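See structure below.
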Amino acid sequence: GENVEQHPSTLSVQEGDSAVIKCTYSDSASNYFPWYKQELGKRPQLIIDIRSNVGEKKDQRIAVTLNKTAKHFSLHITETQPEDSAVYFCAASARSQGNLIFGKGTKLSVKP
Amino acid sequence: KAGVTQTPRYLIKTRGQQVTLSCSPISGHRSVSWYQQTPGQGLQFLFEYFSETQRNKGNFPGRFSGRQFSNSRSEMNVSTLELGDSALYLCASSPYLTDTQYFGPGTRLTVL
Numbered sequence: 003g004e005n006v007e008q009h010p011s012t013l014s015v016q017e018g019d020s021a022v023i024k025c026t027y028s029d030s031a032s033n034y035f036p037w038y039k040q041e042l043g044k045r046p047q048l049i050i051d052i053r054s055n056v057g058e059k060k061d062q063r064i065a066v067t068l069n070k071t072a073k074h075f076s077l078h079i080t081e082t083q084p085e086d087s088a089v090y091f092c093a094a095s096a097r098s099q100g101n102l103i104f105g106k107g108t109k110l111s112v113k114p
Numbered sequence: 043k044a045g046v047t048q049t050p051r052y053l054i055k056t057r058g059q060q061v062t063l064s065c066s067p068i069s070g071h072r073s074v075s076w077y078q079q080t081p082g083q084g085l086q087f088l089f090e091y092f093s094e095t096q097r098n099k100g101n102f103p104g105r106f107s108g109r110q111f112s113n114s115r116s117e118m119n120v121s122t123l124e125l126g127d128s129a130l131y132l133c134a135s136s137p138y139l140t141d142t143q144y145f146g147p148g149t150r151l152t153v154l
């Protein structure tokens with residue numbers, strides 16, 4: 003079955019710097035890759051997603067890139083702000099499977 | 043639209059008891075998935091329901107079961123509770139035939 007690995011597990015940056023979180027997946031049938039942000043005590047919230055027919059997607063300060071050949075996808079946050087501090091999860095899914103397989107999460111701390 | 047709701051939000055049970063958790067999806071969403079979140083194992087898929095049918099099941103023992111009603115509301119049941127079942131149980135709903143999943147706030151289950 004699918005396995006998703008996420009790195010790093012913790013990431014500390016200064017406000018205004020960029021943050022990059024990387025994930026790899028094992029199942030070549032996976033075709034949907036969402037990223038979720040989870041603040042302490044709250045539900046995971048979808049922040050951006052990408053499908054396998056697209057190489058990159060941007061939404062303001064957030065971007066996701068996908069390399070299908072290498073089975074890598076990454077989250078890029080530019081101009082980080084303290085409110086970006088949270089745990090970020092990547093996930094992969096093949097529609098035929100109908101479920102998300104999550105990475106272990108990255109705890110991002112943005113220091114003012 | 044109102045978001046995904048889950049009841050109860052918090053639950054304390056003792057070993058050997060059983061518990062039922064409820065999830066109401068976003069209006070119009072017909073797919074409901076359940077996940078277990080723990081600090082050690084992260085987010086793990088339990089099962090997915092679509093139109094009252096279980097479409098997919100994760101690697102959990104048979105003590106974990108679920109069902110979906112005609113109005114798309116879903117319940118999950120855990121019988122013969124064990125200490126290791128203490129976790130945040132999240133449900134997520136999806137529109138028809140899409141991958142995007144939106145999470146509820148979760149039910150925090152503590153087994154004593």
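In the order they appear, the protein sequences are chains A and B.
Numbering follows my numbering, with no gaps: position 64 of the first sequence is 66.
Numbering follows my numbering, with no gaps: position 3 of the second sequence is 45.
All C-beta atoms in this analysis are idealised placements derived from N, C-alpha and C, irrespective of residue type, glycine included.
Quick caveat: nothing in here was measured; it's all calculated off a predicted structure.
{"query": "Residue-chain proximity (B:F145, chain A), Cβ-Cβ < 8 Å", "result": "yes"}
{"query": "First through last residue of the beta strand (DSSP E) which encompasses B:R150", "result": "T149 to V153"}
{"query": "Short CB-CB distance (under 8 Å) between A:R45 and chain B", "result": "yes"}
{"query": "Anticipated Cβ contact below 8 Å, A:T67 with A:E58, distance rounded", "result": "5 Å"}
{"query": "Distance between A:T26 and A:Q47 (C-alpha atoms, nearest Å)", "result": "21 Å"}
{"query": "CB contact below 8 Å: A:N5 versus chain B", "result": "no"}
{"query": "Chain B residues whose Cβ lies nearer than 7 Å to that of A:D51", "result": "T142"}
{"query": "Spatial neighbours of A:I23 in its chain, beta-carbon cut-off 6 Å, leaving aside the 5 residues before and after", "result": "L77, Y90 and T108"}
{"query": "Residue-chain proximity (A:F75, chain C), Cβ-Cβ < 8 Å", "result": "Protein chains in the displayed structure are A and B, and chain C is not among them."}
{"query": "Contact check, B:Q148 vs B:L132, beta carbons under 8 Å", "result": "Residue identity check: residue 148 of chain B is Gly in the sequence provided, not Gln. Going by C-beta atoms, B:G148 is nearer than 8 Å to B:L132."}
{"query": "Straight-line Cα distance separating B:R115 from B:T49", "result": "11 Å"}
{"query": "Among B:F111, B:R72 and B:Q60, the one whose alpha carbon lies nearest that of B:L154", "result": "B:Q60"}
{"query": "Rounded distance between the beta-carbons of B:G146 and B:T47, thought under 8 Å", "result": "6 Å"}
{"query": "For A:D19, three-class secondary structure by DSSP", "result": "coil"}
{"query": "Bridge-paired residues (DSSP) for A:S95", "result": "A:Y34"}
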